[in-house]
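Q:
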Amino acid sequence: MNRKRVVSYLAGLCLVSCLAISVSAADNAGDFSGTWTLDAKKSDAAPRRVTDLGAPGSADRGSGGMGGMGGGMGGGFPGGMGGGFPGGFPKPKSKAPTAPAEQPPLIIEQAADSIRITNTVNGKPIVESFLLDGEEKVETVPVPNSDRQGKKKTKVSLKGNKFKVQEVTETGAARNELKRDFELSDGGKTLTLKIKTTNQMGMIVNQTEQKLVYHKP
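Residue numbers for the sequence shown follow my numbering, beginning at 8 and rising by one.
1) Let me know the secondary structure DSSP gives D193 once reduced to three states.
2) On the DSSP bridge assignment, give the partners of A119 in chain order.
3) Just verifying my parser: in three-state terms, what is the DSSP assignment at K49?
4) I need the boundaries of the beta strand (DSSP E) containing S164, first residue and last residue.
5) What first and last residue would you give for the beta strand (DSSP E) that runs through E174?
6) What residue range is occupied by the uninterrupted beta strand (DSSP E) comprising E135?
7) Give the range of the beta strand (DSSP E) segment to which V148 is assigned.
8) Figure out for me which residue from T215, T205, D38 has the closest Cα to the Cα of D120.
9) Would L185 and D51 qualify as a contact pair, given that the criterion is a beta-carbon distance under 9 Å?
10) Cα separation between P151 and G157?
11) Do K203 and E216 have their beta-carbon atoms positioned less than 9 Å apart in this structure?
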């Protein structure tokens, strides 16, 4: 009888400890909320191509890839900045260099159980909401130029000063993965967003990376 009481006591103590750790982790979560301004000097102007790979173990490994997913989210510089014309044509002469347009801010609203991100792309606001329940979200998405439906899986995590979003979209032969890692620093005044895309179409795989740095008052 005494042994059963000891086992029950230890089990209860373990449960209380686990709950305390869970609450502590939630309390220690960073505050991502605010209006964040892009630091263009410290950010990548456009996604960088990491590598072009064939499917692992295939003869096509190393062949040309398909285009990336573009600027991702976060208000980067779609299409890159500057650069000459393809084919060796010189740049047109200009009287003075033109400064890049100021990028719209990234707005983040954070609650106890969710995070809402508003980003402006091509002048249009894009709003995303993520639940912080630890569950994977599965939804159907339309396939461009087709009547078929694809599947999109989204998983998020918030631990300390790091908020991560992983999205995988599968539409037949295509598989696109988008990873976004948000990290706070400088006492919560600086937000670094690292974006990584992995796009696969058949035997061809293309990867890109981009880093965006934001500040708030």
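Think of the CB as a built atom: it goes at the ideal place given N, C-alpha and C, for glycine as much as any other residue. Since we're looking at a predicted model, the values are computed, not measured.
A: Here's the rundown:
1) D193 falls in the helix class under three-state DSSP.
2) Answer by DSSP bridge pairing: none, since A119 is not bridged.
3) K49 falls in the helix class under three-state DSSP.
4) Counting along the chain, S164 sits inside the beta strand (DSSP E) bounded by residues 156-166.
5) Counted as a single uninterrupted DSSP element, the beta strand (DSSP E) harbouring E174 occupies residues 169-178.
6) Looking at the DSSP string, the run of the beta strand (DSSP E) that includes E135 is 131-138.
7) Segment 144-149, the beta strand (DSSP E) holding V148.
8) Selected option, being the one with the closest Cα: D38.
9) Their beta carbons are not under 9 Å apart, which means L185 does not touch D51 by this criterion.
10) Pairing P151 with G157, the inter-Cα distance amounts to about 10 Å.
11) For E216 and K203, yes; Cβs fall inside 9 Å.
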